[in-house]
Amino acid sequence: TKDWNGINQFLLRNPQGASARVSLHGGQVTSWRNEHGEELLFTSSKAIFKPPKAMRGGIPICFPQFGNCGSLEQHGFARNKIWTVDDNPPPLHPNDSHGKSFIDLLLKPSEEDQKGWPHSFEFRLRVSLTTDGDLILISRVRNINGKPFSFSFAYHTYLSVSDISEVRIEGLETLDYLDNLCQRERFTEQGDAITFESEMDRVYLSSPNVIAVLDHEKKRTYVIRKEGLPDAVVWNPWDKKSKSMVDFGDEEYKQMLCVDGAAIEKPITLKPGEEWTGRLQLSVVSSSFCSEY
Ligand code: BG6
680 TKDWNGINQF LLRNPQGASA RVSLHGGQVT SWRNEHGEEL LFTSSKAIFK
730 PPKAMRGGIP ICFPQFGNCG SLEQHGFARN KIWTVDDNPP PLHPNDSHGK
780 SFIDLLLKPS EEDQKGWPHS FEFRLRVSLT TDGDLILISR VRNINGKPFS
830 FSFAYHTYLS VSDISEVRIE GLETLDYLDN LCQRERFTEQ GDAITFESEM
880 DRVYLSSPNV IAVLDHEKKR TYVIRKEGLP DAVVWNPWDK KSKSMVDFGD
930 EEYKQMLCVD GAAIEKPITL KPGEEWTGRL QLSVVSSSFC SEY
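Numbering (this note's numbering), first residue to last: 680 to 972.
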């Protein structure tokens, strides 16, 4: 299919009727639905589907920089670029393609990108939908430079929730985090689980590979499994910041929560010829079965 600007989007489906949509704009997942057709990712009603900016919602890819701590535009350029379909991807582990519906995308830097970030790389992204309806994103970044380079990374995942004040995150208790609202000062999480009553913009450090987001009202739990991604970003703009974002409704902060698998505190360094892999798997379980994760 095409989006509003004629940019190709690809629809993945599984036999049970779950689906995912991926855009060449940013390599961004723009939709993920369960077998009942319910949307699991948040997209703002005010989202702007127009390059060069990433659309507000889905899963934008932050690369080669997360946030604005660096010389590049906020969250790096990858989310703003038009990717291509990778017709000839190098093989992945057989478990990462068997029985799945998937698409492989590729980003190589343009001359303009290399002015701001003077490195040659190939960024391969595989987006898969499993027979269980899980969404899997596998990013592989290869250094094809003559010298090493470093980057940070995040899958900026906008989860759709029924009411932010009824949501809690499990798996980040007792961890250290950098608070972006406070000059990236370092704190230690004290609570039993993370709940929301004001703006939150944190990078939890060295987090476990499994994080659960419990949506009490919907009786739905998102399970986030990550590999190669030590950090976890938690972001909700709350009311004041929502009003300052042109592509976000004033009240929409109640229906979304970003929880990103990320590599931020310690940037990834690749020597010439080296490759890094960052894998994210999103599943949904109904709350009565949430002991499963
Ligand atoms: C979050 C950052 O991950 O992304 C926030 O931690 C930022 O500081 C938010 O406001 C949204 O960023 P953007 O560039 O998509 O508006």
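By construction, the Cβ of each residue, glycine as well, lies at the ideal position given by its N, Cα and C atoms. All values reported here derive from a predicted model rather than from experimental measurement.
- It is roughly 28 angstroms from the alpha-carbon of Val840 to the alpha-carbon of Gln862.
- Considering only Asn693, Phe800, Leu814, Gln753, the residue with the shortest C-alpha distance to Glu953 is Phe800.
- In this structure, Tyr856 places its C-beta atom within 7 angstroms of the C-beta atom of Arg881.
- Exposed is the label assigned to Val764, since fewer than 16 other Cβ atoms lie within 10 Å of its Cβ.
- In the three-state reduction of the DSSP assignment, Leu786 falls in the strand class.
- With fewer than 16 other beta carbons inside 10 angstroms of its own, Phe866 counts as exposed.
- Leu784 sits away from Leu816, with the two beta carbons spaced by 7 angstroms or more.
- Short note on Val708: C-beta not closer than 6 angstroms to any heavy atom of the ligand BG6.
- DSSP places Asp842 in no alpha helix (DSSP H); its state is neither H nor E.
- Excluding sequence positions up to five before and after Ser962, its CB lies within less than 6 angstroms of the CB of Asp813, Val902, all in the same chain and listed in chain order.
- The beta strand (DSSP E) runs of length 3 or more contained entirely in the segment 887-944 are, from start to end of the chain, 889-894, 899-906, 910-915.
- Check the Cα spacing between Ser789 and each of Pro768, Phe832, Phe756: the tightest is with Phe756.
- Just measuring C-alpha positions, the residue of Lys905, Leu908, Gln934 sitting nearest Asp918 is Gln934.
- Between the C-alpha atoms of Tyr883 and Pro739 there is a straight-line separation of about 19 angstroms.
- Per DSSP, reduced to three states, the secondary structure at Leu860 is helical.
- In this model, Asp766 and Phe875 are separated by some 43 angstroms (Cα to Cα).
- Residue pairing for Gln869: DSSP places it in no beta bridge.
- Where Phe832 is concerned, the enclosing beta strand (DSSP E) starts and stops at 828-834.
- In the DSSP annotation of this structure, Ser723 is not part of any beta strand (DSSP E), being labelled neither H nor E.
- DSSP places Glu801 in the uninterrupted beta strand (DSSP E) bounded by 800-808.
- Assigned with DSSP and collapsed to three states, Pro946 falls in strand.
- By a beta-carbon distance limit of 8 angstroms, Val913 does not contact Val889. Their separation comes to about 15 angstroms.
- The Cβ atoms of Ser723 and Glu868 do not sit closer than 7 angstroms to each other.
- Buried is the label assigned to Ile873, since at least 16 other Cβ atoms lie within 10 Å of its Cβ.
- Val708 places its beta carbon 7 angstroms or farther from that of Gly736.
- In the same chain as Arg758, and ignoring 5 residues on each side of it, the C-beta atoms closer than 7 angstroms to its own belong to Gly705, Gln707, Ala733, Pro739, Ile740, Cys741, in chain order.
- Across the set Ser807, Leu786, Pro743, Asp792, the C-alpha of Ser807 shows the shortest separation from the C-alpha of Pro773.
- Under DSSP, Trp711 shares a beta bridge with Ala699.
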